[in-house]
Amino acid sequence: MSEPIIQMNNIQKHFGSVIALAGVSVDVKPGECHCLLGDNGAGKSTFIKTMSGVHKPTSGEILFEGKPMSFEDPRDAMEAGIATVHQHLAMIPLMSVSRNFFMGNEPVKKRFGINFLDQQKADDITMQAMRKMGINLRGPDQAVGTLSGGERQTVAIARAVHFGAKVLILDEPTSALGVRQTANVLSTIHKVRDQGIGVVFITHNVRHALAVGDRFTVLNRGKTLGTANRGEIEYDELHDMMAGGDELAKLVPELGKQGQ
Amino acid sequence: MTGSPQAGAADERIKETSFIRKALIRPELGGIVGTIAVFTFFLLTAFDSGMFNTQGVMNWSVVSAQFMIIAVGACLLMIAGEFDLSVGSMIGFAGMMIAIFSVTLSWPVWMAILLTFVICIAIGAVNGLIVIRTGLPSFIVTLAFLFILRGFTIFFPQTFERKTIIGGIKDAAEGDWLAPVFGGKIGAPIFHWLGDMGIIGVFERGTRAGEPVVNGIPMLIVWALILVAFGHVLLTRTRFGNWIFASGGDAEAARNSGVPVNRVKVSMFMFTAFCATVFATCQVMEFGSAGADRGLLKEFEAIIAVVIGGALLTGGYGSVIGAALGALIFGVVQQGLFFAGVESSLFRVFLGAILLGAVILNTYIRRLITGER
Numbered sequence: 000m001s002e003p004i005i006q007m008n009n010i011q012k013h014f015g016s017v018i019a020l021a022g023v024s025v026d027v028k029p030g031e032c033h034c035l036l037g038d039n040g041a042g043k044s045t046f047i048k049t050m051s052g053v054h055k056p057t058s059g060e061i062l063f064e065g066k067p068m069s070f071e072d073p074r075d076a077m078e079a080g081i082a083t084v085h086q087h088l089a090m091i092p093l094m095s096v097s098r099n100f101f102m103g104n105e106p107v108k109k110r111f112g113i114n115f116l117d118q119q120k121a122d123d124i125t126m127q128a129m130r131k132m133g134i135n136l137r138g139p140d141q142a143v144g145t146l147s148g149g150e151r152q153t154v155a156i157a158r159a160v161h162f163g164a165k166v167l168i169l170d171e172p173t174s175a176l177g178v179r180q181t182a183n184v185l186s187t188i189h190k191v192r193d194q195g196i197g198v199v200f201i202t203h204n205v206r207h208a209l210a211v212g213d214r215f216t217v218l219n220r221g222k223t224l225g226t227a228n229r230g231e232i233e234y235d236e237l238h239d240m241m242a243g244g245d246e247l248a249k250l251v252p253e254l255g256k257q258g259q
Numbered sequence: 000m001t002g003s004p005q006a007g008a009a010d011e012r013i014k015e016t017s018f019i020r021k022a023l024i025r026p027e028l029g030g031i032v033g034t035i036a037v038f039t040f041f042l043l044t045a046f047d048s049g050m051f052n053t054q055g056v057m058n059w060s061v062v063s064a065q066f067m068i069i070a071v072g073a074c075l076l077m078i079a080g081e082f083d084l085s086v087g088s089m090i091g092f093a094g095m096m097i098a099i100f101s102v103t104l105s106w107p108v109w110m111a112i113l114l115t116f117v118i119c120i121a122i123g124a125v126n127g128l129i130v131i132r133t134g135l136p137s138f139i140v141t142l143a144f145l146f147i148l149r150g151f152t153i154f155f156p157q158t159f160e161r162k163t164i165i166g167g168i169k170d171a172a173e174g175d176w177l178a179p180v181f182g183g184k185i186g187a188p189i190f191h192w193l194g195d196m197g198i199i200g201v202f203e204r205g206t207r208a209g210e211p212v213v214n215g216i217p218m219l220i221v222w223a224l225i226l227v228a229f230g231h232v233l234l235t236r237t238r239f240g241n242w243i244f245a246s247g248g249d250a251e252a253a254r255n256s257g258v259p260v261n262r263v264k265v266s267m268f269m270f271t272a273f274c275a276t277v278f279a280t281c282q283v284m285e286f287g288s289a290g291a292d293r294g295l296l297k298e299f300e301a302i303i304a305v306v307i308g309g310a311l312l313t314g315g316y317g318s319v320i321g322a323a324l325g326a327l328i329f330g331v332v333q334q335g336l337f338f339a340g341v342e343s344s345l346f347r348v349f350l351g352a353i354l355l356g357a358v359i360l361n362t363y364i365r366r367l368i369t370g371e372r
């Protein structure tokens, strides 16, 4: 595979006396889906916030397209091409899909010297982008509130892709979805990856990760336990690593006893 | 044969919405239905009372236009997710400022008006900034300003003039260039011509015999129409309009998408103050006086008009055209019951019933559009 778009080397992040990240290294290549696995509190959220410019790392270096990079705020990161689709989507249910799609980046056309919203252009691009992701909307004026959870994720992903994301960070996109909707989102991730975008897929569901991931990095207690390529690692192994390996092994027999 | 349309191919789903349904299901539907109902009612019960001759039409048009002016501001602010309960007090305060500047201090009226606009819009900005900075509900912040502004509106004239009503503004406004923009009338030649042709009523006797009873369209109505048009275009045809929806729909999501939520909200507070000042200026120029009790309860009347017009109290959804129709319903009912000879105390019963009906219908329509539960 080609050179990484973004390299995070030995990132540390301390909040006062709390060490949230104690040396995390991850890199993302174009057209790959890099799964970041970890239990709650493992530091996944802090890590992606560092990657997307919300936090500045206490130490460690970030290389973006080979050059050292320091993001002042999320806007900096966004302009560089790092887009984040949050667990709580930046999506407003009462508004139409196309208005949501272009929220904050509305296309304008000049009439009588005044900038008016170019609704037609917004509608056309939205429909086109959604069709590319395999979702046929009833119309661009359909309210986001009428879409299913999976479709909403797809709108958010399509929006990030349209606005030139090179790295797409997906923060637990499947955590609140049913089986069929999860499948839709996973297939969307697959389509995004095929467009040459590097996807960072955060999840604590190993099955979802194995379904689309090219590489897998496990975070535990603020550290990377290692990165494995597709086919080099099994379900159980990943799962044990997530829970801290030995700890779960000790837990299992006891849980088994209770079950009997 | 019985397969549901959802189960079919995606193309079938696109055809699901019929053209008629699409044309009907819109935020203004409640307002449109209400307007038709109200006009039908009064055409049947009060047609011969003079409600629909020129004076009658002018009568309820002026009252509706008053509601419209403040409803436009309240509507945009409510869609942006905030309330302004100080609108009524702002109306009294603005009128009193104009009177004090122009009568007590004998400044030119144009200067009094412009200065009042600057002061009131600044107070609107203060309202907004306090809400943004503290994160308190605008309901509470503007409730405080309801009392603060009303207090000053009584305090100033009592201190300077030892009374609560200041008159003499008409004399002061004589020959002023800005006053007619708020207190004047347009279209006088047309109305004179219509009177001469016998199409509209003219005075039979007295010093004005032969002149039309209605001799022009008050600037109040012109302002109302301009503000409605401006508000509608701003909301639906500009990116700022999209930001208004976004700020009220979910401020956090809007911020994450790069919408300057604080700027949007503060400017909507300022616009609401602007609308209240337009209302006050028109009123002061018409009456020739400013009273400390002007504008009482106007904030609620504005909010009622907006809600009848289909806006969501919690923000993110609504229509300026709907709010204008809500104001029209409000004005027509208030004046129409008088024409129909209905006991005036029943006005409130009528209004309450319309409010309830419109809100229930609007909730239903909104669920159809937005899929909220």
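Going down the list, the protein sequences come from chains A and B.
Quick note on numbering that gives the first Met the number 0: the first sequence kicks off at 0 and runs consecutively.
Quick note on numbering that gives the first Met the number 0: the second sequence kicks off at 0 and runs consecutively.
From the three backbone atoms N, C-alpha and C, an ideal C-beta is built for every residue, glycine too.
So with CB distances below 8 Å, who are the chain B contacts of residue i?
i, result
"residue 103 of chain A", "242, 245, 253, 256, 257 and 258"
"residue 157 of chain A", "Within 8 Å Cβ-Cβ: nothing; residue 157 of chain A doesn't reach chain B, min ~14 Å."
"residue 85 of chain A", "255"
Within 8 Å of any Cβ in chain B, is that where the Cβ of residue i sits?
i, result
"residue 145 of chain A", "yes"
"residue 107 of chain A", "yes"
"residue 74 of chain A", "yes"
"residue 151 of chain A", "no"
Report the partner residues of residue i according to the DSSP bridge assignment.
i, result
"residue 7 of chain A", "A/25 and A/61"
"residue 66 of chain B", "Residue 66 of chain B is not bridged to any residue."
"residue 119 of chain B", "BP columns for residue 119 of chain B are empty, so no partner."
"residue 219 of chain A", "A/222"
"residue 214 of chain A", "A/33 and A/228"
"residue 95 of chain A", "A/142"
"residue 263 of chain B", "Paired residues: none, contrary to the question."
"residue 198 of chain A", "A/32 and A/167"
"residue 110 of chain A", "A/113"
Would you kindly check if the distance between the Cβ of residue j and the Cβ of residue i is under 8 Å?
i, j, result
"residue 307 of chain B", "residue 357 of chain B", "yes"
"residue 197 of chain A", "residue 166 of chain A", "yes"
"residue 21 of chain A", "residue 149 of chain A", "no"
"residue 170 of chain A", "residue 238 of chain A", "no"
"residue 50 of chain B", "residue 38 of chain B", "no"
"residue 52 of chain A", "residue 89 of chain A", "no"
"residue 290 of chain B", "residue 122 of chain B", "no"
"residue 65 of chain A", "residue 9 of chain A", "no"
"residue 88 of chain B", "residue 144 of chain B", "yes"
"residue 93 of chain A", "residue 200 of chain B", "no"
Under 8 Å between C-beta atoms, does residue i make it to chain A?
i, result
"residue 236 of chain B", "yes"
"residue 158 of chain B", "no"
Tell me which residues share the same chain as residue i and place their Cβ nearer than 8 Å to its Cβ, disregarding the 5 neighbours each side in the sequence.
i, result
"residue 133 of chain B", "140"
"residue 266 of chain B", "127"
"residue 303 of chain B", "325, 329, 350 and 354"
"residue 27 of chain B", "308, 309, 318, 320, 321 and 324"
Interface residues of chain A around residue i at Cβ under 9 Å?
i, result
"residue 315 of chain B", "91, 92, 93 and 94"
For residue i, I'd like the list of residues in its chain whose CB is within less than 6 Å of its CB, leaving aside the five on either flank, ordered along the chain.
i, result
"residue 137 of chain B", "81, 82 and 130"
"residue 430 of chain B", "There is simply no residue 430 of chain B to check, as chain B begins at 0 and stops at 372 in what is shown."
"residue 184 of chain A", "149, 152, 172 and 173"
"residue 42 of chain A", "19, 20, 218 and 221"
Which chain B residues are close to residue i, counting only those with a beta carbon under 9 Å from its beta carbon?
i, result
"residue 115 of chain A", "232, 236, 237 and 238"
"residue 98 of chain A", "241, 244 and 245"
For residue i, which residues from the same chain have a beta carbon less than 7 Å from its beta carbon, with the 5 sequence-adjacent residues on both sides left out?
i, result
"residue 155 of chain B", "95 and 99"
"residue 209 of chain A", "234"
"residue 32 of chain A", "188, 192, 198, 200, 211, 212 and 213"
"residue 368 of chain B", "24"
"residue 220 of chain B", "60, 61 and 64"
Can you pull the chain B residues whose beta carbon is under 7 Å from the beta carbon of residue i, in chain order?
i, result
"residue 142 of chain A", "368, 369 and 370"
So with CB distances below 8 Å, who are the chain A contacts of residue i?
i, result
"residue 30 of chain B", "What residue 30 of chain B touches in chain A: nothing, since even the nearest Cβ is about 18 Å away."
"residue 443 of chain B", "The structure shown does not extend to residue 443 of chain B, since chain B spans only 0 to 372, so no value can be given for it."
So is the beta-carbon of residue i under 7 Å away from any non-hydrogen atom of the ligand NAP?
i, result
"residue 326 of chain B", "As for the ligand NAP, it is missing from this structure, which has no ligand bound."
Within the 8 Å Cβ cut-off, does residue i reach chain E?
i, result
"residue 26 of chain A", "Although the question refers to chain E, the structure presented lacks it and instead comprises the protein chains A and B."
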